[in-house]
Every structure is written in C-alpha cells, then in structure tokens.
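Undergrad:
Protein chains: 2
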Amino acid sequence: MTVTLADVAARAQVSPATVSRVLNGNYPVAASTRERVLRAVDDLDYVLNGPASSLAAATSDLVGILVNDIADPFFGIMAAAIQSEIGGPGGRAGGERLGVVCNTGGSPERELTYLTLLQRQRAAAVVLTGGAVEDAPHAAAVAAKLRKLGDAGTQVVLCGRPPAPDAPEAIALTFDNRGGGQQLTEHLIGLGHRRLGYIAGPEERTTTRHRLEGHRAALAAHDIEDDPRRTVHGRYDRRAGYEATLELLRRDPSLTAVVAANDTVALGACAALREAGLRIPDDVSVAGFDDLPFSIDAVPALTTVRLPLSEAGARAGRIAMGREEPPPGGIATVRGELMVRGSTGVPRA
Amino acid sequence: MTVTLADVAARAQVSPATVSRVLNGNYPVAASTRERVLRAVDDLDYVLNGPASSLAAATSDLVGILVNDIADPFFGIMAAAIQSEIGGPGGRAGGERLGVVCNTGGSPERELTYLTLLQRQRAAAVVLTGGAVEDAPHAAAVAAKLRKLGDAGTQVVLCGRPPAPDAPEAIALTFDNRGGGQQLTEHLIGLGHRRLGYIAGPEERTTTRHRLEGHRAALAAHDIEDDPRRTVHGRYDRRAGYEATLELLRRDPSLTAVVAANDTVALGACAALREAGLRIPDDVSVAGFDDLPFSIDAVPALTTVRLPLSEAGARAGRIAMGREEPPPGGIATVRGELMVRGSTGVPRA
DNA sequence: AACGTGACAGCAAGCGCTTTCTACACAAGA
DNA sequence: TCTTGTGTAGAAAGCGCTTGCTGTCACGTT
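Protein chains in written order, with full-length UniProt numbering: chain A, 1 to 349; chain B, 1 to 349.
What follows is the structure, given as structure tokens:
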C-alpha cells in the first residue's frame, strides 16, 4: 500500500500531528524532531495525500486558468505568464500550487463545466482569460458561478476580459480593445485610406464587438461611411481571414485596406491577397491585432496593436495569489500600443 | 456554510448513502427516489466536494498534461487534442474529468515538481508531451516517478516523446523525428544542395538529437562531409533561428540551404536571410519541422515535415482514458510527412 | 520551594464523502 | 406456509489528513 502520514510518524517515532506540522511548517517543531521526520519522509518516499489534506484543511492548492483556445498563442502566452506566477516562484516551501489550464474551446457550456469542476475541487483561485460570450443567460450563469466561487473563498480574476457587473468580487484586468481598434483604423485613415474592409471575429463576443466598435468610431470621427458590406465576421483563425478577404474583395474590389480581428486572421488575409495578385501594402494594406510573436516575421511585417499579454497575465497571476494589490475598484484597463510596420502604407492612387 | 451531502439527504428524506449513489449512478436507486434526490440537489445548488470524494473513493478525476512550453502552438495543439478527448466527450454523466495542462518551461525540476503534485492529487492519468531532457540523473528520477505513478494506478502516456525503458508501464506514442529529419535533408540533397547549415534545438534534448541524427544520416548516405561548423544549437524560438542563421552565414557565406529544428526557428532564419539580402529559395533554401499552422503563410511557404499533432494528441488522450487499446508493446511510432513548398528550391549556380 | 511560563508534542475529533454489510419488504418458488 | 430471491435503502466504518486543546517538561521567578 501507499505510505501514509502514520507510517512516517511511526518511523520517526512521533505522532502524526507532528509530521503534519513539519510538512506544513506552520507550527513550532524542535529542529532535531524536524530532521528526524524529514529523514523518515525521505526514507519512505512519502507523498502527501492531496485530497485528504484538502478535505481536512478545507483548502486546495489548485488554481484554474480558463482559456478559449489553448492552441492559440494569444492564450498560450497569457497562460504561461499566469502559471509562472503561480508555481510558488518567489515563494518557497508550501507554496506549491498546481496551476491548471482548462481549454473551453470558446464553448459556453464547457466554460461552465470547468467552473463547476473547479468549484468542486475547491480551487484556491480561478483566472478567466480572453473575451466573454455575449449571451445574456450564459453571462448570468457565469456570473452566478463566479459569485459562488468568490463566496467559497476562491479568488476570481478576469484577464483580458471585461468586468462582470454581476460578480463584483471578480478582479478585472481588461484590454482596451476599443481604443486599440480605433487607433489602428485612425492610422490607416491617416495614411489616406477611405475604403477599408473589416474582418471581425465571431459574433456575440466582447472582444469582437469592442474591436469593431473602435474601428467604427474611427470611421465616424472622419466622416467615412460605415458600409455594412465592408464588414465580415468569422472565427479567429487564418482560414477565416482567408475566406473573409476573398469575400470582401468580391464585394468591393476597390478596397485599399483590410483590418483583421487579430494577427492570425490577418495572416490569412495576406495569403488571400497575395493569391489574388495584390501586393501588400502597395495595392492593399493589412493590419492585425495582438502582436503575436510571428507577426513581425510576416512579409511584410504586420502593422498591429501590441497587447502586453505576458505582463497582464503575470499581474493576473500575482493578484490571484494575493501577492499584488488589486487595482482600485477591482478594475484596471490595459492599453495596447500601435505598432506600425511594413504591411500598411499609403493607398494606391 | 456550504451545502453538504447530508443536507441534500435531509431535504430529500433519504440517507447520505442514497444521495451518493444517485450522484454516482453506480447502484440501483428507485426512479422516484432518484428524482427526489435530484430535485434536492438542484434546490440547494449542491456541488460535490471533490477532495472528500477523492479521499473516500481513493481516485480522482484529474488528468495531468505536461508540456514544455504552453505558448508554443506545437504543444498547444497537442494539449487541445488531448483535453478534448478527456473532458467526458463520448462519455456522459460521471465522466467529467478535469484535464489540466502544466507548463514545465522545459525545466527538469518543474517537470518533477508537477509530477509530484499530480501524484499527490492521485491523478487518474498523466500525459507527458514533447521531447525529454537527456540528463541521466534526471531521466532516472522521472522514470522512478512514472513507475510510482503507474503503481498507484495512474495511467501514464508519453506523447511525442521517446519511450522510457525504465518505466515500462508508460505507453509511448513517439514521433519519428529521426526519419523526418532524414527525409527533409534528403529532399534538399536531391535538389542539389551540398552545403547545408543546420540549426539545432537545445542540447540534451531527445527531439534535438533525433532530428539532428536524421540530418546527419542523410548527409552520410550521400557522402557529404558533416562539417561541425555547419551546425549551431539554440532554443526553439524565432530569435534563436535569427541569430543562428547570422552565425552560420558568418562561418560560411556560401551556404545554399538552412535546415531548422522547427518551423518557429525557420521563421527566424528567414528573417535573418532576408535582412542579409538573400532571396528564398533562390539564394538559400530554408526548411522547418512540425508544419505548424502559420508555416503555410510564410513567404514563401515553408517546406517542412508535418507531424500529426492533433491526431497523436487525441490518441494519447483516448489511451489515457482507457478508451483505446494501447499499441502492441506499449510503443507506437508516429511518422511525419514531408511537405515540399516554396521555401526550398535548387541551389544557385 | 512553590509557581508561572514557554516550547514542544500528542490526543482525538472531525473534514465530507464512499462503500461494505446489513435490513427490510415484497414476490416467487417449494 | 416457509424459504429463497430480488430490489432498494440505511448504518456505520473508514479514507488520510489538520488542528484545537490538553498535557509535559525544563526553566526562570518570586
């Protein structure tokens, strides 16, 4: 059978209570005793029983990280940053926490399922990343869960996600998608573009909506008509960008710029333009969003809005672990930075 | 306080045992009783206490997925596939498992730490992805852990990782990195290249070594001298590819082809070549490995070896859940497929 | 010499489930 | 009518840990 605390206690000739205290280091134990216990632990190759420990102590060392798509570096980068702050880094013994990332695939049901699972595990904290689905019943269900988690002592942090008014205990680090989108389109307008295509993300998503709103705000500010035929929705992947671009071109071959929902989509757009025999940026300018690592390697390098994914994730991780003050009001907005590169230029004459 | 099984039992006017049986569905319960219990669960918004349940049942619904770098799509894609097979998909009630991905950052210590944490949680299964570190003591430590996990009833699966001879209970799905590397270099040699630079991954990694061995085997098969100055090691990121290429060019400006350890590195190589004023593939051919989604969008599109990441991950997930027969002998080799695209061509005259 | 007073260590009562074994009722076979 | 099933429910014994409380001993203090 597996080794238990009692076995260790017997070998070290102390009571189980003492072993527990040595292991948790939260109670004075004489140095000599401690050493004896530690040796016994080592000799027996003892590993604490997590469930038992969690049950007795009514806490757990699990920290959940929910992402929409783990295969997308956008989430991967944030998740990595969050996890790096969670795995008892600056911390020491006892600070071992299991940062677990859960892939919802953008599905509301799976999101809820994971939250329930984490609630069941009595997770120490939960970080939700990325945009939320804008479906009223679902949003309410999520908010209810978050509130319940909060009540049960789980720290809830939203990273790159708008605040949930119905779950006020959730700390929110929100990306300024609207502002970023606006800046990007302003940049293109500034170059002289007037016929801009927009490839939006999936509908009913906060990120999609906010970026699109920014785009439209820029158009409005310059009295450019927002022709609905110049906007196409699709998923956040290259294929969607490719197809959307073909569609936009079909609807209006005179486009001089394409703004994509994110960098991955922009890459697909570039591929479609290239196949259509159009040069970037001479014939058509292209812009992305996020500034993922590969964006600088596109040819030409992609103009985009850089989001401090890693920094935001690290901060979210620290807040989740209680190692950093939450922002005042529990809400902070993280701004993006316009990165002008080779994929945008003045429109053709 | 939080609602417990006993509360539900009281409300449904049955014993706790009955509630437990309804929830687990592993014991006959009269339909009327079941309904009453389910209503009570709903009314009280009851959520099972995971740790208590795991303790009593001596099992857990956690499945660990270890990856070297969660921000790298190579791992993200596999992790997504594994998780999709784990989250009780074909399955139904009770099949809810928490697939958790843990980011080791390629660090042996973190790998061991996570394994211990998972052992502590009595994980139902553990999937290790990607290459292993080739350090004898560490490999032994990992093997010992895996053996212990196996003894404790945890199913261990290696995905894209060579078998561990010292931990025979671990099922291994191994990528044929050696064969893929050989094919790639054969392709270049076939085009007429004789002076090939090789950008290898970090040293002391199985993946690095196997791909390099394949490359060298191809050189040897064609009586091409393997000049050690034509090989540079670096990390698996774009920056490493960029710098390594500069270094290779410095050492031998007459190179006609660069083979990179993976696609990300290849992208960095392309950037460096372009900055050096060299055209791809007219002046220098470039090849990658893995065929990540962005590789086809490189300009020119990257010649590479496609690894069935998603398929392998899904299979590993199914095996971990006991829903698919392990391969005979517990070991299967997954082959890559050479994808010839625009980044390779005949060498300049 | 009697008495705090720390500093440690142990006892034992749970934590909230699961599961074995037992109990009971009713139907069916002898 | 008595036994043997069959289907369902409960009692209760843990699972392996944590922790409040209760000693115990060795020292200063009066």
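Even glycine gets a Cβ: it sits at the ideal position worked out from N, Cα and C. From a predicted model like this one, the values you see are computed outputs, not experimental measurements.
1. Please list, in chain order, all residues of the same chain as alanine 12 of chain B whose beta carbon is under 6 Å from its beta carbon, the five residues on each side excluded.
2. Helix, strand or coil for alanine 320 of chain B per DSSP?
3. In the structure shown, what three-state DSSP assignment does arginine 92 of chain B receive?
4. Using 10 angstroms around the beta-carbon of glycine 94 of chain A, count the other beta-carbons present and answer buried if the total reaches 16, otherwise exposed.
5. If contacts are defined as beta-carbon pairs under 8 Å, then tyrosine 242 of chain A and alanine 269 of chain A qualify, I think. What distance do you get, rounded to the angstrom?
6. Give me the DSSP bridge partner(s) of arginine 147 of chain B.
7. Residues in the same chain with beta-carbon distance under 8 Å from glycine 180 of chain B, minus the five sequence neighbours each way, listed in chain order, please.
8. Please name the residue, chosen from B:Leu112, B:Ile65, B:Arg21, that lies closest to valine 156 of chain B on a Cα-to-Cα basis.
9. Does the pairing of the region 183-198 of chain A with the region 154-173 of chain A give three or more beta-carbon distances under 8 Å?
10. If we call anything under 8 Å between Cβ atoms a contact, is aspartate 61 of chain A one with glutamate 96 of chain A?
11. What whole-angstrom Cβ distance do aspartate 252 of chain A and arginine 274 of chain A have, given they're in contact under 8 Å?
12. Looking at the C-beta of asparagine 103 of chain A, does it have a partner C-beta in chain B at a distance below 8 Å?
13. Compute the distance between the beta-carbons of valine 63 of chain B and alanine 123 of chain B, then report whether it is under 8 Å.
14. Using CA atoms only, rank isn't needed, just tell me which of B:His193, B:Gly131, B:Ala17, B:Asp135 is closest to aspartate 176 of chain B.
15. To which residues of the same chain is proline 326 of chain B closer than 7 Å at the C-beta, ignoring the five residues directly before and after it?
16. What's the C-alpha gap between glutamine 83 of chain B and arginine 195 of chain B?
17. For asparagine 103 of chain A, which beta-bridge partners are listed by DSSP?
18. Just verifying my parser: in three-state terms, what is the DSSP assignment at residue 351 of chain A?
19. Please classify valine 19 of chain B: is it buried, with 16 or more other beta-carbons within 10 angstroms of its beta-carbon, or exposed?
20. Contact between the region 69-76 of chain A and the region 96-107 of chain A is defined here as three or more beta-carbon pairs at a separation below 8 Å; is this criterion met?
21. What does the alpha-carbon distance come out to for the pair alanine 167 of chain A and proline 137 of chain A?
22. Under the DSSP definition of a beta bridge, which residues are partnered with alanine 172 of chain A?
23. Where does the unbroken alpha helix (DSSP H) through leucine 278 of chain B begin, and where does it stop?
24. Determine whether the beta carbon atoms of alanine 217 of chain B and leucine 246 of chain B lie at a separation below 8 Å.
25. Using beta carbons (cut-off 8 Å, strictly below), is glycine 330 of chain B in contact with chain A?
26. Under 7 Å between beta-carbons, which chain B residues line up against phenylalanine 294 of chain A? List them in chain order, please.
27. So, threonine 129 of chain B versus arginine 161 of chain B, is the Cβ gap smaller than 8 Å?
28. What residues from chain A crowd round valine 71 of chain B, counting only those whose CB sits closer than 7 Å?
29. Less than 8 Å between CB atoms is the rule here; does serine 60 of chain B satisfy it with respect to chain A?
TA: Checking against the coordinates, here is how it stands:
1. Shown here for alanine 12 of chain B: same chain residues with a beta carbon closer than 6 Å to its own, the five before and five after excluded, namely Arg36, Val37, Ala40 in chain order.
2. Three-state DSSP puts alanine 320 of chain B in a helix.
3. For arginine 92 of chain B, the predicted structure reports a pLDDT of 32, less than 50, and the residue's modelled location is therefore unreliable. The matter cannot be settled from this model.
4. Note that glycine 94 of chain A scores 45 on pLDDT, short of 50, meaning its location in the model is unreliable; the coordinates nonetheless yield the value given after this. By the 10 Å Cβ count, glycine 94 of chain A comes out exposed.
5. Contact flag correct, Cβ pair sits at about 7 Å.
6. DSSP output for arginine 147 of chain B lists no bridge partner at all.
7. Cβ contact annotation for glycine 180 of chain B (same chain, cutoff 8 Å, sequence separation greater than five): Arg211, Gly214, Phe289, Val305, Leu307, Arg335, Gly336, Leu338, in chain order.
8. Comparing Cα positions, the closest option is B:Ile65.
9. Contact between the region 183-198 of chain A and the region 154-173 of chain A is absent: fewer than three C-beta pairs spanning the two stretches fall below 8 Å.
10. Yes, the Cβ-Cβ distance between aspartate 61 of chain A and glutamate 96 of chain A is below 8 Å.
11. Their Cβ separation, rounded to whole angstroms, is 18 Å, which puts aspartate 252 of chain A and arginine 274 of chain A out of contact at 8 Å.
12. Yes, asparagine 103 of chain A lies at the interface with chain B (some Cβ there is under 8 Å from its Cβ).
13. With respect to the 8 Å criterion, valine 63 of chain B and alanine 123 of chain B are classified as neighbours on the basis of their beta carbons.
14. Nearest to aspartate 176 of chain B by alpha-carbon distance, out of B:His193, B:Gly131, B:Ala17, B:Asp135, is B:Gly131.
15. Correct list, in chain order: Ile171, Ile319.
16. Rounded to the nearest angstrom, the two C-alpha atoms are 43 Å apart.
17. Its beta-bridge partners are A:Val67.
18. With chain A represented from 1 up to 349, any question about residue 351 of chain A goes unanswered, as that position is not in the structure.
19. Valine 19 of chain B is buried by the Cβ-count criterion.
20. Segments in contact, yes.
21. Pairing alanine 167 of chain A with proline 137 of chain A, the inter-Cα distance amounts to about 14 Å.
22. Alanine 172 of chain A is bridged to A:Leu158, A:Ile331.
23. Where leucine 278 of chain B is concerned, there is no enclosing alpha helix (DSSP H), given that its DSSP letter is neither H nor E.
24. Not a contact, by the Cβ cut-off of 8 Å.
25. Chain A contact via Cβ: absent.
26. At a beta-carbon threshold of 7 Å, the residues of chain B lying near phenylalanine 294 of chain A are Leu267, Phe294, ordered along the chain.
27. The answer is yes: Cβ separation under 8 Å.
28. Valine is not the amino acid found at residue 71 of chain B; the sequence shown has alanine there. Going along chain A in sequence order, the residues near alanine 71 of chain B (Cβ under 7 Å) are Pro73, Gly76, Ile77, Ala80.
29. By the rule that beta-carbons nearer than 8 Å mark a contact, serine 60 of chain B touches chain A.
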